[in-house]
Amino acid sequence: MSATGIGAPVRRKEDFRFITGQGQYTDDVTRPGETRAVFVRSPHAHAKIKSIDVSAARKMPGVIDVLTGAQLATDKIGNLICGWMIHSKDGSPMKMAAHPALAATKVNCVGDAVAVVIAETIAQGKDAAEKVKVDYEVLPAVVDPAKAQAKGAPQIHPDIENNTIYQWHLGEKKDVDAAFAAAKHVTKLDIVNNRLVPNAMEPRAALADYDAGTDNLTLWNTSQNPHVARLVISAFIGMAPEHKLRVIAPDVGGGFGSKIFIYPEEVVCLWASRKVKRPVKWTSDRSEAFLTDAHGRDHVTHAEMALDANGKILALRAKTIANLGAYMSTFSSSVPTYLYATLLSGQYNIPSIYCEVDAVYTNTAPVDAYRGAGRPEATFVVERLVEVAARQMGIDPADLRRRNFITAFPHQTPVIMAYDAGDYNASLKKAMEIADVKGFAKRKREAARRGKLRGLGYSTYIEACGIAPSQAVGSLGAGVGLWESAEVRVNPTGSVEVLTGSHAHGQGHETTFAQLVSERLGIPFENVSIVHGDTDKVQFGMGTYGSRSGAVGMSAIVKALDKIEIKAKKVAAFMLEAAEGDIEFKDGKFTVAGTDKSAAFGDVALNAYIAHKFTGAELEPGLKETSFYDPTNFTFPAGCHICELDVDIETGRVDIVNWTAVDDFGTIINPMIVEGQVHGGIAQGVGQALMEGAFYDAAGQLVTGSMMDYTMPRAHDLPSFHVGLTETKAPSNPLGMKGCGEAGAIASPAAVINAITDAIGTEHIAMPATANAVWAALQKSQAPKAA
Amino acid sequence: MAMTMTGEVQLPASREVVFAKLNDPEVLKACIPGCETLVMSSPTEFQAVAVTKIGPVKARFKGNVHLTDLDPPNGYKISGEGDGGVAGFAKGGATVTLVEKDGGTLLTYNVEAQIGGKLAQLGQRLVNGAAKKTADDFFKNFAAAMNPPA
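Chains as they are written, first to last, in the numbering used here: chain A, 10 to 796; chain B, 1098 to 1247.
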């Protein structure tokens, strides 16, 4: 292993500019004549718009224009779409309601934009927005997904009965019911997977610039997938032909899924820029982000697991109601279906699984993919069921897991997925050693002496990443393919630029991708630069989410590098006056086999461009190759997280005292970056388990709409994590990579809740398990103390 | 989000005087904290503009106020809705009851209100305190108004 090659803990190239304030984020980009967009948003969760009067706002200082949804419709700007078709069990297609970028006749959640002020400055825009008069007829709202389908519930969209988008299912109900009927033991749980606000450090932003001279539109935006944004904005929204629209997603400060989607604000900025013939910029403030970024999770589930007398799992069934909010966000339909129910087998050999999912509209912000997207929800269901079943049956939770682990691969689950590699016993064993599970009983007694209830919880999770084989996802309803592209440009001096369709927003691609190229071509790490996030530079790409940049994005680079080697060998053969088949490439040098005749990579690159050693008839000049890589399977990272915590009996406060994570991510390019991803993922999962929860009141007001009321984890809430690795290579991609971006967030909520319930002796605790919630559960479960 | 608030205040005047002042736009205007205008459009309806600050949200609320269940001199119900533009809205009402006590009048009030928009998003933790303070200030002013200036 070289100091900068695969497996080296290379420091991140990009961090210098990030930590010295030199990153170039969308809001940092300025264009001559730039104007600012300020949105007028509904304070009501559900209301008819009787009238909008913009006349007073138009007369305010600095106002260039005030635009409404009626004008958007007149200009035939198309609705936002959800790009993944789900069919109900009766075969009918999902019911997608119209989602205009500006509401014209009705608002369906607090924060729905009804008008936009285009002004010289933000302050002038805000003052003018105050003058926009909207006359609302307020309607009753529904926010609870479990109540959205009730008779008499407010109907949100016309012709969508009972607010039901689809009633989907997966698996064989008959088999599952038969297994349950014959089961010795059945464990049942009611689960609410709490709603989360993504809160990326950089809020969303958009800057649109219309060039009247060329009729071209350019959009800078905070996107995890600029090419998909361009495709949707062009083909579905009809803003401009694809070749007349350039989308640039520069440095992006975190996404966690929330920046995958196409949002109303970027559509409005593009439209407004064309109308006012000046650049239009919008940057979300934190309050707008709380209201308008797509939220995550929000499932209500009843789940049951059937086991035989020996603790062997026979079947699992679940009924989930998924809240998709007021409108269907870009990939919202796929999250509670194919990204959720397909993982309900966990790491276990479960013969039969049946899952029903109803997706509903409510008067809340749209809900879509958020770090893990469906897989944290599935893991929580499976890992809670397993843990509770073990306790109910008097079997050690680790032992019950072992009895049911899948040990032979490939393994076809009853819910589509075919696991190709893994060693679940290895990660459980290693995690138990690191966590010193043997010493837990002693530590529990010690904690009791200090008035603390100590608990230990496991989460042996699996996830599906490296999304995804295009044909497979196409058959499941995806509107796009999920391959990735790469272009490797070797410059005449031998330095290399890699253009990738992956998009980095914190993952460190500029480092890891360069490590791969450095290793493969034997050239210095510093001689490689990674170009991404600009549709005018990168031909096409599917972006970054679902831990796909390594397994899919880097595999595309590998394929392009293979082609570079083939072409470079042809050049070297002419230079070294040898047969092409005799040229060997190793450590950055082309050598004629069995001789000391060689040419360095840089010399070959130069000769490829000066083209003095061969004629045009013999070989094309240049050294640049492109590849499109479509994976043959998902990848299946898996592992074991163990949470050990103390619950304070008097206050219900939870302190995590030890966290062990042992993950199998396959091949690792940069262990330091991987560890960082694991740390961040655990922090987000602990946040979900203990602190975070987006709550709407019955009228649809978001009462956790600021950092004052929405708690996110901080460093002092978390212990130093003990992180370990096991490795089985992913057979489906050339590097054997699985992906690590979401694992921590997927594994950790179940580990925390399993540990709390172990400590307090009751299974009745919902997330977020705040001190208040734990204290209340303790009052019910603990016998009253003698007075 | 919904909020409720109850309270009582002892006033040095008869129920008849208190009731009359509760219906007097000039008195109400002088007593409502931040009130800029208050215009009576009928004996039971008026339009008011008041500036309110709750936490980080400061807004000029324009509202229509209705008086119902008038039962002189025992009390009435005052209800209304205020539109604070981008700051959000507030709507609700208060039942006001007047009882003779200690030679004066004991006024009790029972408020139920709903707030929405930015006010609910940012100010909800502060709104109960702010509403209580507004009520306290109102009744302090109102008690002072029982003794007409010399």
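Backbone N, C-alpha and C fix where the C-beta goes; we use that ideal spot for every residue, glycine too.
With a threshold of 8 Å between beta-carbons, can residue i be considered close to chain A, or not?
i: PHE1158 of chain B; result: no
i: ARG1222 of chain B; result: yes
i: MET1098 of chain B; result: yes
i: LYS1215 of chain B; result: yes
i: VAL1162 of chain B; result: no
i: GLN1211 of chain B; result: yes
i: GLN1218 of chain B; result: yes
i: ALA1247 of chain B; result: In this prediction, ALA1247 of chain B has a pLDDT of 44, which is less than 50 and means its spatial position is unreliable; what the coordinates show is noted afterwards. Output row for ALA1247 of chain B: interface = no.
i: ALA1241 of chain B; result: no
Between which two residues does the beta strand (DSSP E) carrying residue i extend?
i: GLU129 of chain A; result: It is not in any beta strand (DSSP E) - GLU129 of chain A carries neither H nor E in the DSSP assignment.
i: PHE1186 of chain B; result: 1186-1198
i: LYS182 of chain A; result: Note, LYS182 of chain A: premise wrong, no beta strand (DSSP E); alpha helix (DSSP H) at 182-191.
i: HIS166 of chain A; result: Here HIS166 of chain A belongs to no beta strand (DSSP E), and DSSP marks it neither H nor E.
Hey, does residue i have any beta-carbon neighbour from chain B nearer than 8 Å?
i: ALA796 of chain A; result: Its pLDDT being 42, under 50, ALA796 of chain A is placed unreliably in this model, and the value from its coordinates should be taken loosely. False, the Cβ-Cβ gap to chain B never drops below 8 Å.
i: HIS55 of chain A; result: no
i: GLN133 of chain A; result: no
i: VAL49 of chain A; result: yes
i: GLU146 of chain A; result: no
i: ALA46 of chain A; result: no
i: ALA138 of chain A; result: yes
i: PRO163 of chain A; result: no
i: PRO52 of chain A; result: yes
i: GLN788 of chain A; result: no
Is the beta carbon of residue i sitting closer than 8 Å to the one on residue j?
i: ILE549 of chain A; j: SER607 of chain A; result: Inspection of the sequence shows that residue 549 of chain A is occupied by Phe rather than by Ile. In this structure, SER607 of chain A does not lie closer than 8 Å to PHE549 of chain A by Cβ.
i: VAL344 of chain A; j: ALA382 of chain A; result: yes
i: THR521 of chain A; j: ASN742 of chain A; result: no
i: VAL695 of chain A; j: PRO722 of chain A; result: yes
i: GLY262 of chain A; j: ALA217 of chain A; result: no
i: SER282 of chain A; j: PRO273 of chain A; result: no
i: ARG1112 of chain B; j: GLU1178 of chain B; result: no
i: PHE599 of chain A; j: VAL613 of chain A; result: yes
i: THR310 of chain A; j: ILE471 of chain A; result: no
i: TYR554 of chain A; j: VAL152 of chain A; result: no
i: THR83 of chain A; j: SER436 of chain A; result: no
i: PHE340 of chain A; j: GLY685 of chain A; result: no
i: ALA756 of chain A; j: MET746 of chain A; result: no
i: VAL424 of chain A; j: THR351 of chain A; result: yes
Going by DSSP, what residue range makes up the alpha helix (DSSP H) through residue i?
i: VAL276 of chain A; result: 273-285
i: ASN434 of chain A; result: 433-443
i: CYS1128 of chain B; result: 1122-1128
i: LYS328 of chain A; result: First-last for LYS328 of chain A: 322-334, but that is the beta strand (DSSP E), not the alpha helix (DSSP H).
i: ASN1225 of chain B; result: 1215-1242
i: SER296 of chain A; result: 295-301
i: MET681 of chain A; result: 680-699
i: GLN798 of chain A; result: Limits of chain A in this structure are 10 at one end and 796 at the other, which puts residue 798 of chain A out of reach.
i: GLU1113 of chain B; result: 1112-1119
i: ALA407 of chain A; result: 406-413
i: PHE48 of chain A; result: Premise fails: PHE48 of chain A lies in the beta strand (DSSP E), 44-50, not in any alpha helix (DSSP H).
Would you verify that the beta carbon of residue i is, or is not, closer than 8 Å to some beta carbon of chain D?
i: MET1098 of chain B; result: Protein chains in the displayed structure are A and B, and chain D is not among them.
To test your reading of the DSSP string, which unbroken beta strand (DSSP E) runs of 3 or more residues are found completely within the stretch 458-518 of chain A? 461-471, 493-499, 505-509
In chain order, what are the residue ranges of uninterrupted alpha helix (DSSP H) at least 4 long that sit wholly in the stretch 1130-1180 of chain B? none
Just by C-beta distance, which residues in the stretch 702-727 of chain A are closer than 7 Å to chain B? ASP706, ALA708, GLN710, LEU711, VAL712, GLY714, SER715, MET717, ASP718
May I have a chain-ordered list of the beta strand (DSSP E) segments no shorter than 3 residues that lie completely inside the stretch 724-783 of chain A? 730-735
Only counting runs of 3 or more residues, tell me where the beta strand (DSSP E) segments fall wholly within the stretch 63-130 of chain A, in order along the chain. 72-77, 122-128
Beta carbons nearer than 9 Å to chain B: which residues of the stretch 293-308 of chain A have them? SER296, PHE299, LEU300
Interfacial residues, the stretch 1180-1211 of chain B to chain A, with Cβ spacing under 7 Å: GLY1182, VAL1183, GLY1185, PHE1186, GLN1211
Quick one: complete beta strand (DSSP E) runs, 3+ long, within the stretch 531-597 of chain A? 537-541, 592-595
Continuous beta strand (DSSP E) assignments of at least 3 residues falling wholly in the stretch 600-633 of chain A: 607-609
Output, in sequence order along the chain, the residues in the stretch 103-120 of chain A whose CB is closer than 8 Å to any CB in chain B. VAL119
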